[in-house]
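Here is the structure we will look at.
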Ligand code: DGL
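Numbering (the numbering used here), first residue to last: 48 to 335.
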């Protein structure tokens, strides 16, 4: 069957395939590592749109279009379940893909985001009921965290701080440079000025765990930092437990493959900064 955009889908039963993970660049690897640690038995296919990263300051339309292309590419490579391992894509593109694209293109396949599962855990962690979010401009402007957290915990005050320089530092291999300290300190001070009662900080961008040591260095000690990876992994495990029909079409060979829209050599080199294994990377084009 063909649809308006020329993509085709079949109403045959799904053929088993790897779980897809998508991020604008390297950040989603922080989510993939935690997922693999909890569920090493599955096969995974990671896609980083490194040639077009960062997404964070781009418009809604552009982020949606790039994310849609990436999801379709992962579907074409055999994935039946795709995780948007990117807060910006989850904030800007997830709902439209779930509600508009999936029913037309691949009604049996699923795309999940990472904001809701992160929002779910905050209620148990904050004592003061004041929570701060660091994220990209797109994530903060979308107010997705505020909306998701307040749906579940209306008593929690949520304040966001956009950190547009943090992702470029990671994408350019400068996460540990002295220059990174300046921007990290500046954004931390700005957030805490907005609300000094914050006791819990969410790193609402998958790239930020790579800046963890520097963020910890400049945050007052009594503030706790929530890194999403482990919570997303647990939430995916729960999802597969509740959806045996999806679990049955996720292959379990314990392998991971990587796709990038930039140079595979560059991806291999940069990803080695935060993956403890040698990987094989293939180049893919998305802009069609
Ligand atoms: N890692 C992505 C996130 O979680 C966004 C990075 C970017 O700006 O491209 O928001």
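C-beta atoms are modelled at their ideal positions from N, C-alpha and C, and glycine is treated no differently.
Linking residue 235 to residue 207 through their CA atoms gives a straight-line distance of about 11 Å.
Residue range 247 to 250 is occupied by the beta strand (DSSP E) that includes residue 247.
Going by DSSP, residue 209 is part of the beta strand (DSSP E) stretching over 204 to 209. Counting C-beta pairs with one atom in each stretch, the region 235 to 248 and the region 186 to 195 have fewer than three that are closer than 8 Å, which means they do not touch.
Residue state for residue 244 is assigned as coil, using DSSP reduced to three classes. Rounded to whole angstroms, the Cβ separation of residue 161 and residue 127 is 18 Å, and the two are not in contact under 8 Å.
Relative to the Cα of residue 116, the nearest Cα in the group 96, 283, 105 and 132 belongs to 96. In this chain, the beta strand (DSSP E) harbouring residue 304 covers 303 to 307. Rounded to whole angstroms, the gap between the alpha carbons of residue 152 and residue 111 is 16 Å.
Distances from the alpha-carbon of residue 72 to those of 201, 141, 210 and 252 put 252 closest. Sequence-distant Cβ neighbours of residue 114 in its own chain, meaning closer than 6 Å and more than five residues away, are 136 and 140. Residue environment: residue 256 is assigned as buried (16 or more neighbouring CB atoms within 10 Å of its CB, all protein chains considered). In the three-state reduction of the DSSP assignment, residue 90 falls in the coil class, being assigned neither a helical nor a strand state.
With 16 or more neighbouring CB atoms inside 10 Å of its own CB, residue 65 falls in the buried class. Residue environment analysis places residue 227 among the buried positions, since at least 16 neighbouring C-beta atoms fall within 10 angstroms of its C-beta. Not one heavy atom of the ligand DGL is found less than 7 Å from the C-beta of residue 158.
Secondary structure at residue 330: strand, using DSSP grouped into helix, strand and coil. The criterion of a C-beta distance shorter than 8 Å is not satisfied by residue 61 and residue 217. The Cβ atoms of residue 104 and residue 185 sit closer than 8 Å to each other. At a threshold of 7 Å, residue 290 does not count as near the ligand DGL, since its beta carbon sits no closer than that to any of the ligand's heavy atoms.
The C-alpha of residue 293 is placed about 7 Å away from the C-alpha of residue 287. Between the C-alpha atoms of residue 175 and residue 244 there is a straight-line separation of about 7 Å. The C-beta distance from residue 303 to residue 314 rounds to 13 Å, too long to meet the 8 Å contact threshold.
As for any beta strand (DSSP E) of minimum length 3 sitting wholly inside the region 156 to 211, the runs are 157 to 159, 177 to 182 and 204 to 209, ordered along the chain. Burial state of residue 81 is buried, judged by a 10 Å Cβ sphere holding 16 or more other Cβ atoms.
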